[in-house]
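In our numbering, the protein residues as written are 205 to 395. Only one structure is covered here, and it is reproduced in the block below.
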């Protein structure tokens, strides 16, 4: 492979935050292509894109994290000349996420954190011929946490609506569903 990347990080003085942006151009050679057990290692794929991430403490108790990725993907070489110029399968060309959490600073519920977020996965192709499209999906997540002194608990729920969606396909008959609703409980201590 061959990769070029340039990035910029910015930490403003007027707020508590960090913003990053990167541009990249990556060419991978000898990419596995084909499907249904007839895979070959011939071809090249070019991925150009931009990634942006923002982490900001809007107040001492309100935090925001956001990210956006946009790709321009292209098959640039293959033994099957009919797919050269197409978009490779599996990878969505856009992804985005936004998450906000609030920690109660004082009072009866001091230390309780409530959070919520949204994740977006753009459309992708199921085949390199670009005839079968995998639809986009929007998922919602939530967090409930509690921290006191040097210990805490977090309950994270991903895909809270239990949205049934296809994460990716490699051909018409080989698709993977995305993860359904899941609960993750974490206990921790700091010292």
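We treat Cβ as the ideally placed atom computed from N, Cα and C, and that holds for glycine.
Alpha-carbon spacing of residue 362 relative to residue 346, whole angstroms: 7 Å
message: At the level of alpha carbons, what is the spacing between residue 317 and residue 357?
response: 10 Å
field: Rounded C-alpha distance that separates residue 269 from residue 324
entry: 14 Å
task: Starting from the Cα of residue 344, find the closest Cα among 332, 302, 381 and give me that residue.
output: 302
field: Nearest-angstrom Cα separation, counted from residue 295 out to residue 272
entry: 15 Å
- prompt: How would you call residue 216, buried or exposed, if buried means at least 16 neighbouring beta carbons within 10 angstroms?
  reply: exposed
Helix, strand or coil at residue 285 [DSSP, three-state]: helix
field: residue 267 versus residue 220 - alpha carbon distance
entry: 10 Å
- prompt: Exposed or buried, residue 292, counting other C-beta atoms within 10 Å across all chains shown (16 or more means buried)?
  reply: buried
message: Can you tell me where the beta strand (DSSP E) holding residue 344 begins and where it ends?
response: 341-352
message: I believe residue 377 touches residue 370 by the beta-carbon criterion, under 8 Å. Please report the beta-carbon distance rounded to the nearest angstrom.
response: That belief does not hold up - the Cβ atoms of residue 377 and residue 370 are roughly 12 Å apart, past 8 Å.
- prompt: What is the rounded straight-line gap between the Cα of residue 335 and the Cα of residue 290?
  reply: 10 Å
Residue 299 to residue 340 span [Cα, whole Å]: 10 Å
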